[in-house]
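Reading through the structure tokens given below for one structure.
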Amino acid sequence: MQDSKNLILAIVLCLFILFGWGYLAEYMGWVQKPVPPVTTEAALQTEMEATQKAESEKKALYVAFTPSPGKDLPISTPLFDAILHTGGGTLRSFSLKNYKTSLAPDATQVNMTSDRAAAVGALGLVINGQPTWSVGRWSTETTAPIDLTQDSEGTLRLTGEADNLRITRELTFSASSYLIRETISIANPGNLARSVRIGYTAASDANLASGGQYDTMRIAWDNDGSLSEETSASTLESTGVQAVGTIYWAGAMSTYFLAAVLPSSPAGCVIKGRVQHSVYRTAVEEPEAVIVPGGEKQFTVSYWIGPKIRKDMLLVSEQLVKSVDLGMFSIIAKGLLWLLEFFHTYVNNWGIAIILLTVTIKAVFWPLTAKSYSSMEKMKKLQPMMTAIKEKHKDDKETMNKEVMALYKTYGVNPASGCVPILIQLPVFFGLYQALLTAIELRHAPLAVHLPFTDKLWLADLSSADPYYITPLVMGATMFLQQKMSPPATDPLQQKLMLFMPLIFTVLFLGFPSGLVIYWLANNILSIAQQWGMLRKTKQSS
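To convert, take the position in the sequence shown, counting from 1, and add 206; that gives the working numbering.
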């Protein structure tokens, strides 16, 4: 009986603690009673709008998707005319307004995306290995063409479904840049988590390059700051290329144009490149991402489709500028390009700018050149004595070499001093060589459009060879004259070699871009003038 009373007492105490303690504490003032918030009409309206927005965004993952037939949507800016297919967002064409395929009056604009490139999904989105433009369903609210004026932007929004995922593509075009920015949202309306691997594509036709020795198509990419490229069409057709790493950009490019993908998160990306039906195609895949049920993830990416203009690409990234390969002497090449652009701003002719650059280089190296000429003149005066020594010790080469070296020491002559200026100038030549080969500013840039007294195109394109071989032949003649003005080498073999040098250089320069030939020709003419001046000065002083 006592146990039953104790049990009832314990139950009553528990009920008091659970329900009565709050009232007692409030009555005694041990706790502060919360004050209900004052709700205004405006606050209620804001709360309702926020709730409705959240609910609509949530429902967007689950509502039925209504696709619409894809259509070609024109996009026009001061820089390009593009056509984009709304059924997935792939490019049909991308014509550059400021660049023509040739110098012919009826030449068409350079089209970065030909019909063949469009067929493989240029600017396409790949999810889990599936091309969304062919397996997905799409719609858009944009119906009117996008026409951008200077310094304006326009965004095209596409929504679609593929692989049981909801996709939104927002492509932003700029009137002042060849860069296209994109934000991609992928939602998972299912009940299970999804692994998603997203890829972006770029493609260009082989005709983007002229096909000559100095303008070829290739697949190129930047892996952790290092430029890599594959130029072999047979390799790209048979096995293709693949690389994994920190991929800053990858794409199809010629010497002057580039269609590339620039992932916003380059770490761990995979690049795949192939040639299919003369189309150079590149895909960049991001690392795998997991989307929870009812969740959504955003990805950002950019595309560069246009000319390889260094100053414009530098505004995008330092890595993208590396698509203009300036070689091992890139620092020198950059400085020379800056000087070239500086002169062009005043003379407005790239050929004349090259000549002015040559004059500047000759002026900088004048002290070395003067020293070389002085040494050559001393060597010329020693020729009779050296000939006598060789005749005297023709059967004893060791003694002959000792006496010749003693002769050099007596008269303070360094036989290698004539080569030093040439060796020092070689990096400048190679830097300028690479700069002139890769500078898009020289493409279709003229020095003299027509052959004098004719209507035939001559030096109308400094990036291509002289069609009549006039400048290489004149260059060879000036080189031969320069050799004749120099003292002959003491070694008969060297004399024969020096005699053949103008011929070798002439044959070599026949196929060089005329801009580079003009540099070498101007350099030879200035060297002859300098040499003639030095010889005249020497005769007057003697």
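Here a beta-carbon is modelled for each residue, glycine too, at the ideal position from N, C-alpha and C.
In whole angstroms, what separates the C-alpha of residue i from that of residue j?
i    : j    : result
I731 : T684 : 7 angstroms
M740 : Q689 : 15 angstroms
P469 : S274 : 29 angstroms
F715 : A671 : 9 angstroms
G366 : A393 : 11 angstroms
A612 : K587 : 15 angstroms
D428 : D531 : 12 angstroms
E435 : A728 : 34 angstroms
T272 : Q356 : 36 angstroms
L364 : T346 : 5 angstroms
D369 : G474 : 24 angstroms
L687 : I724 : 17 angstroms
T644 : Y420 : 9 angstroms
L663 : G418 : 19 angstroms
T712 : L464 : 33 angstroms
I750 : V496 : This structure does not reach residue 750, given that the chain is present from 207 up to 748, and the question cannot be answered.
A256 : D430 : Legend: pLDDT at A256 = 49, less than 50; position of this residue unreliable, no value from coordinates given.
I560 : A539 : 13 angstroms
T349 : L329 : 20 angstroms
A249 : S391 : With a pLDDT of only 48 at A249, under the threshold of 50, the placement of this residue in the model should not be trusted, and no figure is reported.
P573 : A313 : 48 angstroms
Q737 : L703 : 21 angstroms
Between which two residues does the beta strand (DSSP E) harbouring residue i extend?
i    : result
D518 : It is not in any beta strand (DSSP E) - D518 instead sits in the alpha helix (DSSP H) that spans R516 to L520.
F402 : Per the sequence shown, residue 402 should be read as Val rather than Phe. Its beta strand (DSSP E) spans residues R400 to V402.
S508 : E502 to P513
V619 : Premise fails: V619 is in no beta strand (DSSP E) and is neither H nor E.
V450 : V447 to G451
L362 : E359 to A368
S340 : Premise fails: S340 lies in the alpha helix (DSSP H), T338 to V341, not in any beta strand (DSSP E).
V498 : Premise fails: V498 is in no beta strand (DSSP E) and is neither H nor E.
Which of the three DSSP states is assigned to residue i in this structure?
i    : result
F706 : helix
T296 : strand
Y305 : strand
M459 : strand
D321 : helix
E261 : Its pLDDT being 46, under 50, E261 is placed unreliably by the model, and nothing is read from it.
V530 : coil
F286 : strand
G578 : With the sequence shown as reference, residue 578 is identified as Ser, and Gly is not the correct amino acid for it. Three-state result, S578: helix.
A328 : coil
L665 : strand
V680 : helix
N749 : No answer is possible for residue 749: it lies beyond the span of the chain, which begins at 207 and ends at 748.
R387 : strand
Q419 : coil
S670 : coil
A728 : helix
E583 : helix
Rounded C-beta distance between residue i and residue j? I'm assuming under 8 angstroms.
i    : j    : result
P351 : P395 : About 33 angstroms; that fails the 8 angstroms criterion.
A409 : A323 : 4 angstroms
Y462 : K514 : 6 angstroms
R480 : L442 : 6 angstroms
P652 : L665 : 6 angstroms
L194 : L377 : Since the displayed the chain opens at 207 and closes at 748, residue 194 lies outside it and no answer follows.
Would you say residue i lies against chain D (beta-carbon separation less than 8 angstroms)?
i    : result
S460 : This model lacks chain D altogether; it includes just one protein chain.
Which stretch, first to last residue, makes up the alpha helix (DSSP H) that contains residue i?
i    : result
Q356 : Looking at the DSSP string, Q356 is not in any alpha helix (DSSP H), and its letter there is neither H nor E.
Y552 : S536 to V553
E443 : A439 to S444
T568 : One detail in the question is off: residue 568 reads as Lys in this sequence, not Thr. Looking at the DSSP string, the run of the alpha helix (DSSP H) that includes K568 is W556 to V570.
Touching by the beta-carbon criterion (3+ pairs, under 8 angstroms), the region 330-342 and the region 280-294: In short, these stretches touch, since the Cβ pair count reaches three.
Does the structure place the region 452-469 close enough to the region 490-508 that three or more beta carbon pairs sit under 8 angstroms? At 8 angstroms Cβ cutoff, the stretches touch.
Three CB pairs or more closer than 8 angstroms across the region 637-651 and the region 716-723: The count of Cβ pairs closer than 8 angstroms, one atom from the region 637-651 and one from the region 716-723, reaches three, so the stretches are in contact.
Given 8 angstroms, three or more beta-carbon pairs between the region 440-459 and the region 305-313: Because the criterion of three Cβ pairs below 8 angstroms is not met, the region 440-459 and the region 305-313 do not touch.
Contact between the region 562-577 and the region 586-600 (3+ Cβ pairs under 8 angstroms): No contact exists between the region 562-577 and the region 586-600.
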